[in-house]
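Have a look at the structure below before the remarks.
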Amino acid sequence: MGVAPVPTINHPSAVEATLAIVLLAHCELRLLQATIIGVILLHLLLVPGCSFLVGGARVWSQDLHPHNTELNQSLLTLGCMTLVVPAAYFAALDRGSADPGSGGSIVNDTTRGQLLVMSRGISVILLIVYFGSRLFLTDPPGENNAFTVHPDAPAALKEEEKHLEEEPALTGPWTCIIMLLIAVGIMAYTAEALVENVEFIRAPGGIGQEWFGMFLLPMVSFAADGAIAVGFFLHTAWHLFRGKEVPTSTLAKGRSIDLSIQFILLWMPFMVVLGWWIGKPMTLLFDLFEVAVLVAACFLVNYVTQDAKTNWCEGLIMLSFYVMIVLCAWYYPGQQEVEDMNACLESVATFIAGGGEAINGE
């Protein structure tokens, strides 16, 4: 039971991770940051919100895995608070006591250098926490606990685990690995083409960078899984319309929350470390609006899942908050100081002197 969720979680996030790596390679740092927040919000609010709304439509409540839920709340809060620290540090800097050579502005190479050191140190810590949490979930303390169902697990989960143990494998692991590698290669090529044509997509429609990164790119990366989910929903709705019996489940589908935690604790710090290695100044200084909505989403999800139970109304609440963020982000222009600090040039002063035009890849 313990090791199965790891590949299950890794496979759907491969698309988003591939897109993020391509954005980093092209040094689209602000777009990358917005996309990271967008992917987390997608898997934190939209996907589980739809799941809880549809899955709980015909039952009083659905159950989540209590063991995972308890740990997820702490991990999610840690990941969100990690972004609060650099944002608070930058906001608290005295604008009147800047570096003498910076022209009175805190947006300078000295400040960015400090933020880079902080971000890289925080990223290493986050990676340690993430792999520690995977070790705890896959091999909890105690004899044979990795292969036993949590004693407080709902009956539906115990039944599903029993069914998975008895069901024969449809294919071998090596076949899955080969197909996954082929799929990742195709995704990398597609993501490369998408990133190269970002401006051609954005400019004609007048779409702001913030909204494009937070919502459109994550939606595109999730399109395949979303299409499968929509197809399953339509199939179920058709059977209900024809009066056929459709079995209900009291087990809530909260796997996407695990995906959001993986992205904020694994892929986000990995991008910082990878940027350090390839010479891209990726920091954890995110736009204050992005940090605020992420923290709010974190607390909402923690409140919804704190009793390890969900219902359709809580799913509706999560969807409503996601739509609120989409609406507000459409009109949000972005924080200029943060954009300057994430310029993909060796010198922030050079970026500002050039009117804020960075050359990708420099």
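For the sequence shown, this note's numbering begins at 185 and goes up steadily by one. All residues carry an ideal CB built from backbone N, CA and C; glycine is no exception.
Checking 8 Å against the spacing of the C-beta atoms, do residue 449 and residue 275 come in under that value? Against a cut-off of 8 Å, the Cβ pair of residue 275 and residue 449 comes out as no contact.
In whole angstroms, what separates the C-alpha of residue 509 from that of residue 356? 42 Å
Residue span of the alpha helix (DSSP H) that contains residue 309, given as start and end: 293-322
Under DSSP, the alpha helix (DSSP H) around residue 359 begins and ends at which residues? Segment 357-380, the alpha helix (DSSP H) holding residue 359.
Near residue 259, which residues of its chain fall below 7 Å by C-beta distance, leaving aside the five closest residues on each side in sequence? 317, 445, 449
Residue from 507, 512, 518, 494 with nearest C-alpha to residue 235: Minimum Cα distance to residue 235 is reached at 494.
Residue 467, DSSP secondary structure in three states: coil
Stretch-stretch touch, CB-based, cutoff 8 Å, three pairs: the region 460-469 with the region 222-234: no
Output yes or no for whether 8 Å exceeds the beta carbon distance between residue 396 and residue 386. It is a contact, given that the beta carbons lie within the stated cut-off.
Around the Cβ of residue 490, are there at least 16 other Cβ atoms within 10 angstroms (buried) or fewer (exposed)? exposed
Classify residue 384 as buried or exposed, calling it buried when 16 or more other Cβ atoms lie within 10 Å of its own Cβ. Classification of residue 384: exposed, given that the 10 Å Cβ count is below 16.
So residue 247 and residue 492 are supposed to be a Cβ contact under 8 Å. How far apart are they, rounded? 6 Å
Can residue 456 and residue 268 be called in contact, C-beta distance under 8 Å? no
Own chain residues within Cβ distance below 6 Å of residue 206, not counting five before or after: Same-chain partners within the cutoff: 375, 376, 379.
Can you name, in chain order, every residue of its own chain whose Cβ lies under 6 Å from the Cβ of residue 405, other than the five neighbours on each side? 199, 200, 203
Sequence-distant residues of its chain with Cβ nearer than 6 Å to residue 477 (five each side left out): 509
Using C-beta distances below 8 Å, list every residue in its chain close to residue 265, excluding the 5 sequence neighbours before and after it, in chain order. 479
Rounded to whole angstroms, what is the Cα-Cα separation between residue 517 and residue 352? Roughly 53 Å separates the two Cα atoms.
Under the rule that 16 or more other beta-carbon atoms within 10 Å means buried, what is residue 363, buried or exposed? exposed
Would you check if the distance between the CB atom of residue 197 and the CB atom of residue 365 is smaller than 8 Å? no
According to DSSP, what are the bridge partners of residue 491? Paired residue(s): none; residue 491 is not in a bridge.
Could you give the DSSP three-state label for residue 519: helix, strand or coil? Three-state result, residue 519: coil.
To the nearest angstrom, report how far apart residue 285 and residue 305 are at their CA atoms. Annotation note: pLDDT 48 at residue 285 (below 50); position unreliable, no value reported.
Keeping to the same chain, check which residues put their C-beta closer than 6 Å to that of residue 452; ignore five residues upstream and five downstream. 220
Any beta strand (DSSP E) of 3 or more consecutive residues that is wholly inside the region 197-265: none
Collapsed DSSP secondary structure at residue 512 in the structure displayed: helix
Buried/exposed call for residue 402, threshold 16 Cβ in 10 Å: buried
With 8 Å as the threshold, decide whether the Cβ of residue 524 is near any Cβ in chain B. Given the protein chain composition of this structure (a single chain), no chain B is represented.
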